[in-house]
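FYI, UniProt numbering numbers position 247 of the sequence shown as 247, with every residue one higher than the one before it.
Backbone N, C-alpha and C fix where the C-beta goes; we use that ideal spot for every residue, glycine too.
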Amino acid sequence: MKIKFTIPKYVQKVARILSKEGYDVYLVGGAIRDIVMGKTPHDFDLATNALPDEMLELFPKAVSTGAKFGTVIALVADVEGENKEVEVTTFRSEAEYIDGRWPSKVEFVNDLDKDLGRRDFTINAMALDLSSDLLDGQEVEREWDIHDPFSGITDINMKLIRAVGTPIERFKEDGLRAFKACRLASQLDFEIEEETFSAIKESLPVAKQVSMERVRDEFMKLLLNSPKPSKGIELMRQTGLLNIFLPELLEGYGVEQKLFHAHDVYTHSIRTCDFAEDSVKLAALLHDIAKPRTDMGNGHFYGHDVVGVEMVETIMKRLKFSKSDIERTKLLVKNHMFYYPHSQQESKTGEELSLSQWSDSAVRRFLNR
1 MKIKFTIPKY
11 VQKVARILSK
21 EGYDVYLVGG
31 AIRDIVMGKT
41 PHDFDLATNA
51 LPDEMLELFP
61 KAVSTGAKFG
71 TVIALVADVE
81 GENKEVEVTT
91 FRSEAEYIDG
101 RWPSKVEFVN
111 DLDKDLGRRD
121 FTINAMALDL
131 SSDLLDGQEV
141 EREWDIHDPF
151 SGITDINMKL
161 IRAVGTPIER
171 FKEDGLRAFK
181 ACRLASQLDF
191 EIEEETFSAI
201 KESLPVAKQV
211 SMERVRDEFM
221 KLLLNSPKPS
231 KGIELMRQTG
241 LLNIFLPELL
251 EGYGVEQKLF
261 HAHDVYTHSI
271 RTCDFAEDSV
281 KLAALLHDIA
291 KPRTDMGNGH
301 FYGHDVVGVE
311 MVETIMKRLK
321 FSKSDIERTK
331 LLVKNHMFYY
341 PHSQQESKTG
351 EELSLSQWSD
361 SAVRRFLNR
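Below is the structure:
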């Protein structure tokens, strides 16, 4: 497939340095996916047959912390003089993964397709050849050939998240990939291919090995980058992933709210998240987290805001959030019922409720709490 796109100057600079020394260099990963989908990439990753030591000679200011796995972060200035990071990784194949994250052995290879074959999903396993005379440093739109050995473009057109090769092998290599599949399906509004979906459920023991910090970061990407985060959260429930890091949310599944809401507590919570501003999405998801534990059996959940504060602290500490994030979210959950007429004044008529909405004095009372 040919596609027209403008390669930023700073990315061209890195590619030209490598190409000038005779190395192959390709744009890979999510940037290709975004280009095919008509979106503007924000991160640019390159793959090359240059070895890490050879790259460090060419980019003396590069970050080398991932060099033993073949990855070097090249630092180059953009047109405004601001330093940009470009991740450059040596073509590689990998041996068995022993801890659900790192391979027991990395073998550097000279074969692009072997390198693409170790990647997570077909939509991320495409490449664009930058070993080209077209790289003249000019930011102009040019036509490029997409190398697509695993039919990623077909899956983009079909709106499918499909693992490269054998799905269960990909998920056993890195437990975070299961969470990422749900996040990408939510972010892109795709579906997860059937065999890939089944492999996520089969690989849960590996997913449980992932650190809570990595799970937290992937989950927050889902919340903040999805048009409807509820889609990804529901996929995590269906696959069993949600139970690994947020089992409290599952307690609301099937708990009815007959008096005030059409949906059960779980569905209400994830749909509330869909409509919340980014700054309060997590609080929106957790605002009713304590309802199942305060269920009176008659549609009332007295004190769920107070109990919810304690649960939010437990959840966010588990996920290694900062103290400031925890305190802020607790404050929002604690006060989400403050002067909420439909919950605190059920006996009033519709006209009375309209008169009891937020007034200047009500705002002052809230600020003085």
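Opening and closing residue of the beta strand (DSSP E) in which residue i lies
i       : result
Thr-48  : 45-48
Lys-4   : 2-5
Thr-90  : 83-90
His-147 : 142-147
Leu-128 : 127-129
Residue i at chain D interface by Cβ criterion, 9 Å
i      : result
Phe-91 : Reference to chain D is not applicable here, since this structure consists of a single protein chain.
Terminal residues of the alpha helix (DSSP H) in which residue i lies
i           : result
Tyr-10      : 9-20
Tyr-266     : 265-275
Thr-239     : 229-239
Asp-136     : Counting along the chain, Asp-136 falls outside any alpha helix (DSSP H), and DSSP gives it neither H nor E.
Asp-281     : Before going on, a small fix: residue 281 reads as Lys here, not Asp. Looking at the DSSP string, the run of the alpha helix (DSSP H) that includes Lys-281 is 281-286.
Glu-57      : 52-58
Phe-245     : 242-245
Ile-326     : 323-334
residue 378 : Residue 378 is absent from the model: the chain starts at 1 and stops at 369.
Exposure label - residue i; buried when at least 16 CB within 10 Å
i           : result
Phe-275     : exposed
Gly-152     : buried
His-42      : exposed
Met-1       : exposed
Leu-224     : exposed
Met-126     : buried
Met-37      : exposed
Met-158     : exposed
His-342     : Bear in mind that the predicted position of His-342 carries a pLDDT of just 46, short of 50, making it too unreliable to give a figure here.
Gln-138     : exposed
Pro-60      : exposed
Gln-209     : exposed
Asn-124     : buried
Pro-52      : buried
Pro-229     : buried
Asp-155     : buried
Glu-213     : exposed
Asp-278     : exposed
Lys-20      : exposed
Glu-248     : buried
Asp-174     : buried
Lys-172     : buried
Lys-231     : buried
Glu-256     : exposed
Glu-218     : buried
Asp-288     : buried
Asp-148     : buried
Val-14      : buried
Lys-68      : exposed
residue 434 : For the chain, the structure presents residues 1 to 369; residue 434 sits outside this window and is missing.
Ser-186     : buried
Asp-305     : buried
9 Å Cβ cutoff met for residue i and residue j
i       : j       : result
Ile-168 : Cys-182 : no
Thr-6   : Leu-46  : no
Met-316 : Ile-326 : yes
Gly-70  : Phe-44  : no
Val-164 : Asp-120 : yes
Leu-285 : Thr-294 : no
Ala-283 : Thr-314 : no
Val-25  : Ser-131 : yes
Val-280 : Val-309 : no
Lys-320 : Arg-216 : yes
Ala-74  : Glu-85  : yes
Ile-161 : Leu-128 : no
Lys-39  : Arg-142 : no
Met-55  : Thr-48  : yes
Thr-12  : Leu-135 : For the sequence presented, residue 12 should be read as Gln rather than Thr. Yes.
Bridge partners - residue i, DSSP secondary structure assignment
i       : result
Phe-69  : Answer by DSSP bridge pairing: none, since Phe-69 is not bridged.
Val-28  : Asp-45 and Ala-127
Ser-93  : Glu-107
Val-63  : Ile-73
Ala-163 : Phe-121
Subject >> Ordered list of alpha helix (DSSP H) runs contained in the segment 169-193, each at least 4 residues >> reply: 176-188
Subject >> Every unbroken alpha helix (DSSP H) within the segment 192-227, with a cutoff of 4 residues, ordered by chain >> reply: 194-202, 204-207 and 212-225
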